[in-house]
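Written out below as structure tokens is the structure these notes cover.
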Amino acid sequence: MEIKMNLISEDKINSMTSTEKLRFVLDGVKSGDIVVLEGGLTSEEQMKLIELTMTEVDDDFSGIEMSGYPSKKGFLNIRKKTRLTVIGPAKMMHTTKKDKDLISAIISAI
Amino acid sequence: MKSKRRWKSILTRLRRALSFRKGTAKIGIYGPPNAGKTTLTNRIIHTFVDENEDVGTATEVPHETRRAVRRAGVTIDLKTKSLENPNPDLNSESKEKPKRGKAKLKLDVVDTPGLATKIDFHEFLAYGLEEDEAKRRAKEATEGVIEAIKWLDDIDGIVLLMDSTEDPYTQTNIIIIGNMEARGIPIIIAANKVDLVDASPQRIANAFPQHSVIPISALKGENMLDLYEEMARRFR
Numbered sequence: 003m004e005i006k007m008n009l010i011s012e013d014k015i016n017s018m019t020s021t022e023k024l025r026f027v028l029d030g031v032k033s034g035d036i037v038v039l040e041g042g043l044t045s046e047e048q049m050k051l052i053e054l055t056m057t058e059v060d061d062d063f064s065g066i067e068m069s070g071y072p073s074k075k076g077f078l079n080i081r082k083k084t085r086l087t088v089i090g091p092a093k094m095m096h097t098t099k100k101d102k103d104l105i106s107a108i109i110s111a112i
Numbered sequence: 003m004k005s006k007r008r009w010k011s012i013l014t015r016l017r018r019a020l021s022f023r024k025g026t027a028k029i030g031i032y033g034p035p036n037a038g039k040t041t042l043t044n045r046i047i048h049t050f051v052d053e054n055e056d057v058g059t060a061t062e063v064p065h066e067t068r069r070a071v072r073r074a075g076v077t078i079d080l081k082t083k084s085l086e087n088p089n090p091d092l093n094s095e096s097k098e099k100p101k102r103g104k105a106k107l108k109l110d111v112v113d114t115p116g117l118a119t120k121i122d123f124h125e126f127l128a129y130g131l132e133e134d135e136a137k138r139r140a141k142e143a144t145e146g147v148i149e150a151i152k153w154l155d156d157i158d159g160i161v162l163l164m165d166s167t168e169d170p171y172t173q174t175n176i177i178i179i180g181n182m183e184a185r186g187i188p189i190i191i192a193a194n195k196v197d198l199v200d201a202s203p204q205r206i207a208n209a210f211p212q213h214s215v216i217p218i219s220a221l222k223g224e225n226m227l228d229l230y231e232e233m234a235r236r237f238r
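Protein chains in written order, with our numbering: chain L, 3 to 112; chain S, 3 to 238.
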């Protein structure tokens, strides 16, 4: 069985509102895709994604697996710069190792 | 939208920096499922309110707490309360006799459901639950996660509980910490379950070096004095 990955550029992500981003990610994941976001989601967006995910968990969709590099401190240590985030269906994706600059995950077909 | 959030965060930080303190702090006990949140909340209540009062039941089944519970009117007063430390080796300054501190803090403690990105009813079947019961628990657990997230808007500080026997560098822990930092809300990490042989609180301290990490066993009551003193220092 094939697994589809969507690698989304930072430009595309930046052109969306927070709500559009979360809907876009969750729709992709619910249809079985692995979504990789260049530039990533902020921690607030990730929390909102968990909240949105929980409203849609049912017998067939158990939720998401999400991994990302932690954000970096930006200008004057105030503005944080987010980095890559990868999100997939919990039944298909399993993070095996993670640190500040490395994510190892196993992705398997259901 | 982003600049509105940034201003809110700056205002929150300013308010805290100017020591605009309310009489009673609302402190949320947060963490992943089975980290020991209810055990810690019960420990605080038993020590400072009533040793027969429980805010919830702690079991090995994940998502046992599926509704946030607030216990109002708790006063942590270490001047009037002696605490025995069952394992003085945890802290070189500990003596075998009961210790007294100086800290005093009035708080409402909020025991929250475990935060998770996935809830699969099949996992509950392994604990002997019937399918209908497992599905009902899973549904309630999803509502609990949402409730825990919504409570973050009303919290003055959080104790983030982590299981010292598990890898702390999970996305959920990173998200909670990131959110608290963005909101300017103080956070203490409690490295729980240090009574277990494979516990490694140092791994948690290494993963989050920018935050206070207090090794404790909420179940056995180990090193609780250090946690209470840190809570009084950060949340007062």
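Just so it is clear, CB atoms sit at the ideal spot from N, CA and C, and this is done for glycine as well.
- Separation of the CB atoms of residue 207 of chain S and residue 45 of chain S is rounded to 22 angstroms, and the pair is thereby denied contact status at 8 angstroms.
- Here the C-alpha atom of residue 185 of chain S lies approximately 31 angstroms from the C-alpha atom of residue 8 of chain L.
- For the options S:71, S:211 and S:77, the alpha carbon positioned closest to that of residue 106 of chain S is the one of S:77.
- Beta-bridge analysis with DSSP links residue 194 of chain S to S:165.
- Assignment of residue 131 of chain S by DSSP, reduced to helix, strand and coil, places it in the coil class.
- Within the same chain, 111 come within 7 angstroms of residue 3 of chain L by CB-CB distance, once the 5 residues on both sides are set aside.
- The count of Cβ pairs closer than 8 angstroms, one atom from the region 141-154 of chain S and one from the region 203-218 of chain S, stays below three, leaving the stretches out of contact.
- In the structure shown, residue 71 of chain L falls within a coil segment according to DSSP collapsed to helix, strand and coil.
- In the three-state DSSP reduction, residue 23 of chain L falls in the helix class (H, G or I).
- For residue 204 of chain S, not one C-beta of chain L is nearer than 9 angstroms to its own C-beta.
- The alpha-carbon of residue 40 of chain L is positioned some 42 angstroms away from that of residue 58 of chain S.
- The beta-carbon of residue 18 of chain L is placed no less than 9 angstroms from the nearest beta-carbon of chain S.
- In the three-state scheme derived from DSSP, where H, G and I count as helix and E and B as strand, residue 98 of chain L is classed as strand.
- According to DSSP, residue 189 of chain S shares a beta bridge with S:160.
- Considering only L:31, L:63, L:43 and L:56, the residue with the shortest C-alpha distance to residue 16 of chain L is L:43.
- Looking at the backbone, the Cα of residue 194 of chain S and that of residue 209 of chain S are separated by about 15 angstroms.
- Secondary structure note for residue 45 of chain L: its alpha helix (DSSP H) is the uninterrupted segment 45-58.
- The beta carbon of residue 171 of chain S falls within 9 angstroms of a beta carbon belonging to chain L, placing the residue at that interface.
- Using a Cβ-Cβ cut-off of 9 angstroms, residue 53 of chain L counts as an interface residue toward chain S, since at least one Cβ of chain S sits closer than that to its own.
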